[in-house]
Amino acid sequence: MRRITTVGAGETRQLTDLLQNLLVSELLAPSSRLWVLSPWISDIVVIDNASGQFKSVLPALPARPIRLTEVLIELARRGSDVRVIMRDEPRNAVTGQRLTDLAPVGPRPILLIRNTLHDKGMVSDRFHVHGSMNFTFFGQRVNQEGVTVVSDPDQIARAWVEYQNRYLLP
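Written as structure tokens, this is what we have:
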């Protein structure tokens with residue numbers, strides 16, 4: 124388990140690096156499922172591919188920063204059951220639309236609207252990230268945040284059971 128607490132803009136690089144490392148590892152060996160929970164969500168940059176160093180992981184994308192929606196769509200194409208759980212908020216519309224428009228055919232992430240959602244996190248077969256951070260520019264780079272990363276299989280399994288009971292049942 125690892126805890127990251129940010130108190131200013133300089134320290135948020137830890138969160139950016141964390142997201143990049145976790146998502147690149149997912150692209151290399153996709154989990155059977157990956158869920159993103161964020162009441163407010165933006166199409167943030169999650170992989171710095173400006174110099175093309177991730178070309179072997181994302182060969183179809185040019186040397187430029189890679190956005191969250193692009194990674195989620197690619198993971199769905201690679202076989203992951205990708206779900207994005209968010210509120211029906213105007214500020215989330217762009218991200219929801221991109222997930223739909225950028226993947227018009229074939230597998231794509233499933234959007235689930237839960238207007239009472241307050242959980243924030245990302246869970247896969249290998250990790251569970253949770254804490255105060257929304258997947259937004261301010262959550263990633265500006266706000267003071269507390270985020271915990273768990274890799275213990277038992278804790279991950281408990282998170283899956285809790286999230287499925289909370290967000291898949293009517």
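For the sequence shown, this note's numbering assigns the number 124 to the initial residue and increments by one for each residue that follows.
For every residue, glycine included, the Cβ atom is placed at its ideal position computed from N, Cα and C.
Assumed close pair residue i, residue j - CB separation to whole angstroms, cut-off 8 Å
{"i": "residue 209", "j": "residue 164", "result": "5 Å"}
{"i": "residue 169", "j": "residue 189", "result": "6 Å"}
{"i": "residue 282", "j": "residue 246", "result": "5 Å"}
{"i": "residue 254", "j": "residue 243", "result": "6 Å"}
Segment limits, beta strand (DSSP E) that includes residue i
{"i": "residue 158", "result": "156 to 160"}
{"i": "residue 239", "result": "Neither: residue 239 is in no beta strand (DSSP E) and is coded neither H nor E."}
{"i": "residue 204", "result": "204 to 209"}
{"i": "residue 252", "result": "251 to 254"}
{"i": "residue 128", "result": "125 to 128"}
{"i": "residue 262", "result": "Segment 260 to 264 is the alpha helix (DSSP H) holding residue 262; no beta strand (DSSP E) there."}
{"i": "residue 246", "result": "244 to 246"}
Start and end residues, alpha helix (DSSP H) containing residue i
{"i": "residue 271", "result": "Not the alpha helix (DSSP H): residue 271 falls in the beta strand (DSSP E), residues 269 to 273."}
{"i": "residue 223", "result": "216 to 224"}
{"i": "residue 167", "result": "Careful: residue 167 lies outside any alpha helix (DSSP H) and carries neither H nor E."}
{"i": "residue 284", "result": "276 to 290"}
{"i": "residue 200", "result": "191 to 200"}
{"i": "residue 144", "result": "136 to 151"}
Short Cβ contact (8 Å threshold) for residue i with residue j
{"i": "residue 175", "j": "residue 186", "result": "yes"}
{"i": "residue 181", "j": "residue 142", "result": "no"}
{"i": "residue 203", "j": "residue 156", "result": "yes"}
{"i": "residue 315", "j": "residue 221", "result": "The requested residue 315 is not part of the displayed model; the chain covers only 124 to 293."}
{"i": "residue 159", "j": "residue 258", "result": "yes"}
{"i": "residue 235", "j": "residue 286", "result": "no"}
{"i": "residue 139", "j": "residue 263", "result": "yes"}
{"i": "residue 233", "j": "residue 205", "result": "yes"}
{"i": "residue 72", "j": "residue 162", "result": "The requested residue 72 is not part of the displayed model; the chain covers only 124 to 293."}
{"i": "residue 177", "j": "residue 217", "result": "no"}
{"i": "residue 153", "j": "residue 214", "result": "no"}
Residue i at chain D interface by Cβ criterion, 8 Å
{"i": "residue 125", "result": "Going by chain labels, chain D is absent from the structure shown, which holds only one protein chain."}
Residue i Cβ short of 7 Å to the ligand SAH heavy atom set
{"i": "residue 208", "result": "With respect to small molecules bound, the structure shown includes none, and the ligand SAH cannot be examined in it."}
Original post:
Should the stretch 265 to 274 be regarded as contacting the stretch 239 to 256, the criterion being three or more beta carbon pairs within less than 8 Å?
Top reply: yes
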